[in-house]
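Worksheet: one structure, shown below.
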Amino acid sequence: MGQRIPEETVEHIRRSVDIVDIVQQYVSLKKQGRNYFGLCPFHGEKTPSFSVSPEKQIYHCFGCGAGGNVFSFLMEIEGVSFIEAVKRLAPRANVDLSHVVDDHLPTERTETATMIAAHELLKKFYHHLLMHTNEGEEALNYLLQRGFTREIIEQFEIGYALPAWNAAVTFLTNKGFSLPLMERAGLIVKKSGEDSYFDRFRHRIMFPIHNHHGETVAFSGRAIGNEEPKYLNSPETLIFNKRNILYHFHEARLPMRQKQQVVLFEGFADVIAAVQAGISHAVATMGTALSEEQARMLRRNASSVIVCYDGDRAGIDAALRASETLTEAGCYVKVAMIPDGLDPDEYVRKYGADRFRHHVLDASLSLTAFKLEYLKRGRHLQNESERLRYIEEAVREISRLSNAVEADYYLRQLADEFSISLDALREQMMIHGKKQQIERKQERRETVILPAKAKLLPAFQKAERMLIAHMLRDKSIAFTVQEAIEGAFNIEEHRAIAAYVYAFYEEGHEPDVSSLLERIHDSQLKRIVTELSMMPINENISSAELQDYLQCVLNYPKEQLLKQKEAELREAERQKDYERAKRIASEMIAMRKSLYFGRRGING
């Protein structure tokens with residue numbers, strides 16, 4: 154059976170860990186005033202609405218409403234249990250929780266941990282075969298001849314899979330792993346119609362693929378020589394989704410944040426060559442087109458991306474697609490052009506690291522310049538018709554720019570290159586601009602449902618929110634509210650939050666939203682608490698203002714009852730039941746007096 158973590162231990166860990174340090178591992182934050190802001194990791198956005206408060210030790214997104222403390226953050230972003238989140242943070246507080254077992258882990262979580270453990274052990278096995286056995290000598294020499302150093306092989310934990318059909322099967326069996334589970338992990342394959350298995354990777358150089366914590370979750374096996382396929386990759390599994398992982402991201406995250414720039418490659422070998430060339434902020438996609446998830450991941454960690462794909466036709470086409478995806482995610486994009494149809498790995502080996510840095514990366518083109526070069530591909534610009542078509546398409550591309558100075562810069566370039574009147578190009582650009590405006594309006598009419606205007610909250614709801622916001626910051630205000638209205642909040646969530654706040658202070662705690670959140674298990678309530686705790690309020694609330702909020706809350710049920718009586722009065726008059734109408738009217742007068750004198754007592 155698992156052991157319960159004592160509450161005082163949880164509290165010690167929470168107080169010992171700075172939420173800003175933890176969030177910064179996932180989100181690039183900038184300080185603004187008291188708080189830190191960045192792009193929300195829980196939903197796609199281009200402008201930062203995600204706020205972290207070091208003072209309150211909580212986070213809140215004003216866009217999607219996500220919020221909580223440091224444990225909540227890890228639970229939400231990693232999909233782990235509360236106990237697992239506490240265990241991950243425990244070393245930062247010098248607390249050993251390795252003996253604690255989470256009894257409530259779902260089967261999927263335990264399978265995930267087992268799959269990762271198998272990948273980690275197999276990675277070490279493959280690496281040992283490459284570096285320390287006669288069987289791995291051919292693969293090691295192959296790597297050394299291609300310019301890999303022993304140091305870089307060690308750094309990237311590259312390995313070698315034996316040619317045998319059952320080397321991994323035997324290894325995993327001896328380590329006690331379930332073979333059906335290992336098949337689901339993508340490490341072995343079941344023979345058709347038989348109850349036996351064989352290795353997925355054989356006689357290949359093995360590149361381990363890590364998740365963003367540095368845990369091995371997949372492999373890419375490169376053929377030695379000209380065997381096909383050149384690369385054999387792990388299938389998608391419970392722990393490996395190509396859309397959500399970038400090669401070398403776990404190592405590149407810190408340098409890319411420091412530089413606010415990342416270099417994006419297509420292949421693993423390109424990243425390794427770049428790291429050898431001193432470019433630590435290098436990552437690669439998983440052999441597929443850049444996904445929206447990967448683009449958002451990069452944008453959260455760096456503002457600028459240099460796309461450095463192969464110099465052949467396919468690589469240039471892929472670079473254009475990746476650039477557009479990155480632009481949509483809010484990145485500033487440049488494109489590094491590799492000459493002679495080479496890939497980055499080949500270029501570094503042929504010309505060296507310095508030339509790659511200075512002649513390729515430092516000379517990278519802006520996205521517009523790259524698109525203009527892209528439009529020239531395959532065109533015979535000496536031909537008048539081809540030249541005019543290119544100019545027309547180039548002007549159309551320039552007209553899409555929102556920056557007037559940038560547009561003017563490229564128009565002047567175009568005018569100089571082809572000896573054309575700048576005024577003529579500007580006139581043509583205006584025509585394209587008007588067409589695009591019409592097209593955008595048409596698209597909005599056809600596809601976009603305009604959001605409804607933000608609904609104004611009723612007075613009683615605003616009053617309840619303000620009361621709770623003050624209660625979260627001031628114990629004496631909480632007790633004043635408790636004495637005045639107890640649980641008379643009109644909104645169910647507010648009643649529940651008030652109950653938590655009263656109990657928290659009655660236990661002797663001082664105001665501490667992060668600690669309070671540990672007692673709240675409902676995710677919706679947590680979101681409301683973090684939102685209200687981040688809401689700007691007048692810290693020095695007057696007694697009159699406080700009483701006004703209280704009366705507004707207390708009056709709401711009476712006002713609702715008065716509306717009900719008004720409806721009853723109209724119905725009685727419609728039925729010509731004058732006695733009943735008289736009685737209702739009398740009740741309404743008494744109710745209005747009660748409301749009036751209540752307000753006078755506050756304001757008068």
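Under our numbering, the first residue of the sequence shown is numbered 154, with each subsequent residue one higher.
A virtual CB, placed ideally from N, CA and C, is assigned to each residue, including glycine.
Specify, as a first and last residue, the run of the alpha helix (DSSP H) that serine 552 falls within.
537-552
In the DSSP output, which residue or residues are listed as bridge partners for isoleucine 341?
Asp352
Among Met583, Ala320, Val460, Ile638, which has the Cα closest to the Cα of isoleucine 341?
Ala320
Counting C-beta neighbours from all protein chains within 10 Å, is the total for alanine 607 16 or more, i.e. buried, or is it exposed?
In this prediction, alanine 607 has a pLDDT of 47, which is less than 50 and means its spatial position is unreliable; nothing more can be read from the coordinates.
Counting Cβ pairs, one atom from each stretch, are 3 or more of them under 8 Å apart for the stretch 200-208 and the stretch 695-714?
no
Anticipated Cβ contact below 8 Å, proline 194 with arginine 406, distance rounded
With 8 Å as the limit, proline 194 and arginine 406 do not qualify as a contact, their Cβ atoms being about 13 Å apart.
Is lysine 503 close to the ligand GTP? I mean its beta-carbon at under 8 Å from any heavy atom of the ligand.
As presented, the structure is devoid of all ligands, the ligand GTP included, so that no description of it is given.
Neighbour-count burial assignment, glutamine 153, 16 or more Cβ in a 10 Å radius
Because the chain in this structure spans residues 154 to 757, residue 153 falls outside the shown range and cannot be described.
Which one or two residues does DSSP pair with isoleucine 584 in a beta bridge?
DSSP, once it has assigned bridges, lists no residue as partnering isoleucine 584.
Would you tell me roughly how many angstroms separate the C-alpha atoms of proline 492 and alanine 472, rounded to the nearest one?
14 Å
Just how far apart, CA to CA, sit asparagine 386 and arginine 357?
11 Å
With DSSP as the reference, identify every bridge partner of histidine 213, one or two as the case may be.
Ser204, Gly220
Whole angstroms are fine: how far does the CA of isoleucine 551 sit from the CA of serine 373?
41 Å
Measuring CA to CA, which of Tyr295, Leu514, Asp348 is closest to asparagine 379?
Tyr295
Are at least three pairs of beta-carbons, each pair with one atom in the stretch 576-583 and one in the stretch 660-671, less than 8 Å apart?
no
Hey, would you say valine 424 sits closer than 9 Å to histidine 401, going by beta carbons?
yes
With H, G and I counted as helix, E and B as strand and the rest as coil, what does DSSP make of arginine 745?
helix
Can the beta-carbon of isoleucine 644 be found less than 9 Å from the beta-carbon of glutamate 617?
yes
Span separating the alpha-carbon of glutamate 559 from that of lysine 184:
30 Å
Taking the runs of the beta strand (DSSP E) that are 3 residues or longer, which of them lie wholly in the stretch 362-388?
369-376, 384-386
Determine the DSSP secondary structure at isoleucine 311, reduced to helix, strand or coil.
coil
Is the beta carbon of methionine 490 closer than 9 Å to that of leucine 518?
yes
Taking the alpha-carbon of lysine 679 as reference, which of Tyr731, Arg299, Ala651 has the nearest alpha-carbon?
Ala651
Return the bridge partner residues of methionine 228 from the DSSP annotation.
For methionine 228, which the question treats as bridged, DSSP gives no partner whatsoever.
Go to isoleucine 459, then tell me how far its beta strand (DSSP E) extends in each direction, as first and last residue.
457-460
Ignoring anything shorter than 4 residues, give me the alpha helix (DSSP H) runs that lie fully in the stretch 635-680, in order along the chain.
645-659, 666-670
Return the CA-CA distance between isoleucine 230 and phenylalanine 418, expressed in angstroms with no decimal places.
26 Å
Quick check: what's the CA-CA separation for methionine 687 versus isoleucine 681?
10 Å
Along the chain, where does the alpha helix (DSSP H) containing glutamine 700 start, and where does it finish?
696-727
Which same chain residues, not among the five before or five after glutamate 659, have their C-beta less than 8 Å away from its C-beta?
none
Can you say whether serine 785 is buried or exposed, counting buried as having 16 or more other CB atoms within 10 angstroms of its CB?
The requested residue 785 is not part of the displayed model; the chain covers only 154 to 757.
With 16 other CB atoms within 10 Å as the buried threshold, where does glutamate 710 fall?
Per the sequence shown, residue 710 should be read as proline rather than glutamate. Label assigned to proline 710: exposed.
Got a sec? Which residues, its chain only, sit under 7 Å from valine 180 by beta carbon, not counting five neighbours each side?
Gly191, Leu192, Pro194, Phe203, Arg453
Using 10 angstroms around the beta-carbon of threonine 369, count the other beta-carbons present and answer buried if the total reaches 16, otherwise exposed.
buried
Buried versus exposed, by CB contacts within 10 Å (16 or more), lysine 344:
exposed
Apart from the five residues just before and just after phenylalanine 330, which ones in its own chain have a Cβ nearer than 6 Å to its Cβ?
Ala271
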